[in-house]
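Note that the protein sequences, when read in sequence, are chains V and U. Following the working numbering, the numbering of the first sequence begins with 264 at its first residue and continues without gaps. Following the working numbering, the numbering of the second sequence begins with 1239 at its first residue and continues without gaps. For glycine and all other residues, C-beta sits at the position ideal for the given N, C-alpha and C.
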Amino acid sequence: MRGVTDVVRIPGRVFLHFISYMGQIAFLVRDLMTAFSNRVWRIGLIAEQIVSIGYGSQAVVIVTGAFTGAVFTFQTYAKFKDFGVESSVGAIVSVALCRELGPVLAGLMVGGRVGASMAADIGTMKVTEQVDALRVMGVHPVDYLVLPRFIAMMISMPILVAESITFGLMASYAVAVFGYGVPHAWFVHHMVDHTNQWDIVIGMTKGFAFGIIITLVACHQGLRAENGAVGVGIGTTRAVVISSLVMLIANFFLSILLNYIWPLGNNV
Amino acid sequence: MIDRTGQPFIRIRGLHKKLGWQEVLRGIDLDIWRGETLCIIGPSGEGKTVTMKHVIGLMQPDFGTVEVDGIQVNGLRERELAPVRQRVSMLFQNAALFDRLTVEQNVAFPLREAGVTDKKEIKERVAAALDVVGLGQHGQKLPVNLSGGMRKRAGIARAIVTRAQCILYDEPTSSLDPVVSDVIDTVILRLQERHGITSLVVTHDMKSLFKIADRIAMLKNGLIHFLGTKEELRACPDKIVQDFINGRADVDF
């Protein structure tokens, strides 16, 4: 009997948690919109966050993009050679990096590095009553803590995605041209011929969307942290796990949206 | 200095609050007059800090009303609480200074956020607030480099810099040595005498209590168990009150 009730109870509880979570995110978005409309821009804080998010993520994004491009070229070249189309490797790597690998991997890396940092930062402020101190001084925590991070992420993320793609293509070129001897002209010709501006727009759009997801999830986890250091640790872990999963799921729906429902350029 | 004419500065009526399953407050009625220092005492977990947090809108009551200077606090949204928070500031138990800012920047923070842009004015007011608490020489230090007492004094400086009419102190002398505790008490008294600041103090420190309090409220089981002056507290025949102020535990090991 207990097993039967659990069949209903456990999914029911998960569903209620999901609805509650979405409600909290909706309130955070509402507060963020209000913060935007108040037009109080803390330029110093935004600049500080751009340095932390954008400049601080250079190494992880560049290394991830470059080695993904290199490995993808290795694997693709081996199979393409069987069909005698190895010179087209630049085209497939370029499209894949622009549309999928660049934004997704940059998003996951930034989510891990910056999302964890945001959740830990805000969570520590929450459990040490610094967030309450802000409120007592008449400063809304979303205005001071979330808005600057959100704006900085919106500025940084597309640039980081662009860097990831660029270094991925450079690594791919190096492997294909210098490693496998694919002629420079063929590699570049196929790459340019099969990559259009919409591939780049799709990549940037995804980067932008992933930036929104990382900021909302991480700041939400920070603002609801409680129970001291343990609570901050839990919030930080959840921020990374939830933002990574949501990004991967969102990527699927964004791909459908941008390729079929509201197609940008040629369909994949 | 205490103005008992007209409306009380803080007026609490029928305050009820449940946290989880526990009914922490079960109908608190309390008036705090302008210029008065009222101390709240009571066993841990009896809702002293919870009562204080209702005054400044950090918590909303389940039932009851809280008024500050004629403004009803309960029911106001976060962004509508600004008029209350211009009048009332708070010293948190661990001071809650911002880790990344120096002491001076911490103290200047509420001024900048209140829209004061004149750098000279900010500098002068910060220096004056730090002088009141005796931290004039430590303005460039980060909170991590301050002792517990200095952190609390920096917190007081941040609370008074906006010229708030009322300050809420959450255990201002907890975990401090007796000498530093006395310094904090002196600061609270000086603020009341020189600036007419209304104070609501949550404390477990009996020495501090008898030094700074005009009136004392003792919470027990979510209700006000005792309310009166220091003399009335000392003379109160109630066993719970006497056990508490004399630190007597009624346990048999």
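Do you know offhand how far residue i's Cα is from residue j's?
i	j	result
U/L1373	V/A492	30 angstroms
U/R1325	V/V495	32 angstroms
U/D1415	V/M510	52 angstroms
V/M416	V/H453	33 angstroms
V/T336	V/A481	34 angstroms
V/V464	U/P1381	46 angstroms
U/P1246	U/E1362	32 angstroms
U/D1267	U/E1318	24 angstroms
U/M1328	V/I316	33 angstroms
U/R1391	V/I422	45 angstroms
U/L1335	V/V270	49 angstroms
V/G444	V/A329	19 angstroms
V/A396	U/I1398	14 angstroms
U/R1486	U/L1263	25 angstroms
U/T1340	U/K1477	47 angstroms
U/S1437	U/L1429	9 angstroms
U/G1377	U/E1342	5 angstroms
U/L1384	U/D1337	11 angstroms
V/K344	V/R412	46 angstroms
V/Q393	U/G1285	21 angstroms
U/N1459	U/I1422	29 angstroms
U/H1292	U/R1249	11 angstroms
V/G401	U/R1389	21 angstroms
V/V303	U/M1444	45 angstroms
V/D456	V/T327	25 angstroms
U/Q1331	U/D1408	5 angstroms
V/P446	V/G347	14 angstroms
V/I505	U/C1404	43 angstroms
U/F1464	U/T1289	15 angstroms
V/I313	U/R1242	53 angstroms
V/G431	V/L520	25 angstroms
Listing by chain order, which chain V residues have their CB less than 9 angstroms from the CB of residue i?
i	result
U/L1296	D395, R398 and V399
U/A1320	G401
U/E1351	L397, M400, G401, V402 and Y407
Please list, in chain order, all residues of the same chain as residue i whose beta carbon is under 6 angstroms from its beta carbon, the five residues on each side excluded.
i	result
V/L244	Past the edges of chain V, shown from 264 to 531, lies residue 244 of chain V, and the structure says nothing about it.
V/A425	none
Using a cut-off of 8 angstroms between C-beta atoms, extract the partners of residue i located in chain V.
i	result
U/Q1324	G401
U/R1317	T297 and H403
For residue i, which residues in chain U fall below 7 angstroms Cβ to Cβ?
i	result
V/T499	In chain order: nothing, as chain U lies at least about 17 angstroms away.
Whose Cβ in chain V lies nearer than 7 angstroms to the Cβ of residue i?
i	result
U/S1327	V399
U/P1348	M400
U/E1409	Those within 7 angstroms of U/E1409 in chain V number zero; the least Cβ separation is about 12 angstroms.
Who are the neighbours of residue i on chain U, taking C-beta pairs under 8 angstroms?
i	result
V/E392	F1330, Q1331, N1332 and A1334
Quick one: residues in its chain with C-beta nearer than 7 angstroms to the C-beta of residue i, no 5 flanking neighbours on either side, listed in chain order?
i	result
V/V531	Its pLDDT being 46, under 50, V/V531 is placed unreliably in this model, and the value from its coordinates should be taken loosely. Taken in chain order, the residues that qualify are R362 and N522.
U/V1322	I1294, G1295, V1306, I1309 and V1311
U/F1448	K1468
V/V474	In the sequence as displayed, the identity of residue 474 of chain V is Gly instead of Val. Closer than 7 angstroms at Cβ, skipping near neighbours: M416, M417 and M420.
V/V323	M372 and R376
V/R398	P404
V/A382	A481, Q484, G485, G498, T499 and A502
U/Q1298	N1312
U/S1413	G1386
Among all the DSSP beta bridges, which residues are the ones paired with residue i?
i	result
U/S1455	Checking the sequence, you will find Ala at residue 1455 of chain U rather than Ser. According to DSSP, U/A1455 bridges with U/I1278 and U/L1465.
U/K1256	U/E1261
U/I1250	U/L1268 and U/V1304
U/D1476	BP columns for U/D1476 are empty, so no partner.
U/D1241	U/R1272
Between which residues of its own chain and residue i is the CB-CB distance below 8 angstroms, once the five residues before and five after are set aside?
i	result
U/F1482	I1279, G1280, P1281 and M1456
V/L291	V405, V409, L479, C482, H483 and L486
V/L534	Residue 534 of chain V falls outside the range modelled here, since chain V spans only 264 to 531, and no answer is possible.
V/F450	S350, V352, G353, Y436, A439 and V440
So is residue i in contact with chain C if we call contact Cβ pairs under 9 angstroms?
i	result
U/T1441	Of the chains in the structure shown, none is chain C; the protein chains are V and U.
Give a single yes or no on whether residue i has its beta carbon closer than 8 angstroms to a heavy atom of the ligand PLP.
i	result
V/Y318	Ligands displayed in this structure: none; no statement on the ligand PLP is therefore possible.
| Minimum length 4: unbroken alpha helix (DSSP H) runs contained in the segment 286–317 of chain V | 306–313
| said: Quick check for students: name the residue ranges of the alpha helix (DSSP H) that lie wholly in the segment 420–483 of chain V, counting only runs of 4 or more. | reply: 447–457
| query | What residue ranges within the segment 347–407 of chain V form continuous alpha helix (DSSP H) runs of no fewer than 4 residues, ordered along the chain? | reply | 352–359, 365–373, 379–390 and 393–399
| field | Ordered list of beta strand (DSSP E) runs contained in the segment 1378–1453 of chain U, each at least 3 residues | value | 1404–1408 and 1436–1440
| field | Segments of 4+ residues assigned as alpha helix (DSSP H) that fall wholly inside the segment 1275–1347 of chain U | value | 1286–1293 and 1320–1325
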